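Colleague: Last residue of the sequence shown: 88 (UniProt numbering), numbering continuous.
Ideal placement from N, C-alpha and C gives every residue a C-beta, glycine not left out.
Nothing here was measured: the structure is a model prediction, and the numbers come from that model.
Could you have a look at this structure, given as structure tokens, before my questions?
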Amino acid sequence: DIVLSNENQTVTCNSYDDRVVLGTAAFSKGVHYWELSVDRYDNHPDPAFGVARINTMKDMMLGKDDKAWAMYVDNNRSWFMHNNSHTN
Numbered sequence: 001d002i003v004l005s006n007e008n009q010t011v012t013c014n015s016y017d018d019r020v021v022l023g024t025a026a027f028s029k030g031v032h033y034w035e036l037s038v039d040r041y042d043n044h045p046d047p048a049f050g051v052a053r054i055n056t057m058k059d060m061m062l063g064k065d066d067k068a069w070a071m072y073v074d075n076n077r078s079w080f081m082h083n084n085s086h087t088n
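What follows is the structure, given as structure tokens:
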């Protein structure tokens, strides 16, 4: 299960299944940034964070198409993906 708290600014997930939280904020221009913190990481599942256009493919990993950018984290490294291209 997944729990949103702190005015939907905190996400807690206690299972190993893939879970997704989608935001509703939309931007058409400008510079924007998000600050994320992972308070606990038990090496599974691996967290991923990203931003996407509204028409990104939702049936595949975030960053596989040209409409999303994602950062993936595992026990040994982190990497970015956009348009199915990995960058360390």
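Spatial neighbours of residue 15 within its chain, please: C-beta separation below 7 Å, excluding the five flanking residues on both sides.
Modeller: Here the set comprises 1.
Colleague: May I ask you to list the residues that DSSP assigns as paired with residue 10?
Modeller: Answer is 5.
Colleague: DSSP has residue 79 in a bridge; who is on the other side?
Modeller: DSSP lists 72 as partners of residue 79.
Colleague: Taking C-alpha atoms, which residue in 10, 40, 46, 4 lies nearest to residue 75?
Modeller: It is 46 whose Cα lies nearest to the Cα of residue 75.
Colleague: Tell me the DSSP bridge mates of residue 51?
Modeller: Paired residues: 69.
Colleague: How about residue 53 and residue 67: do their beta carbons lie closer than 8 Å?
Modeller: Yes, the pair counts as a contact, with Cβ atoms nearer than the cut-off.
Colleague: Looking at the strands, I want to know which residues DSSP matches up with residue 85.
Modeller: DSSP, once it has assigned bridges, lists 82 as partnering residue 85.
Colleague: Use the C-beta contact count for residue 57: other C-beta atoms within 10 angstroms, 16 or more gives buried, fewer gives exposed.
Modeller: By the neighbour-count rule (16 or more Cβ atoms within 10 Å), residue 57 is not buried but exposed.
Colleague: Can you say whether residue 81 is buried or exposed, counting buried as having 16 or more other CB atoms within 10 angstroms of its CB?
Modeller: Result: buried.
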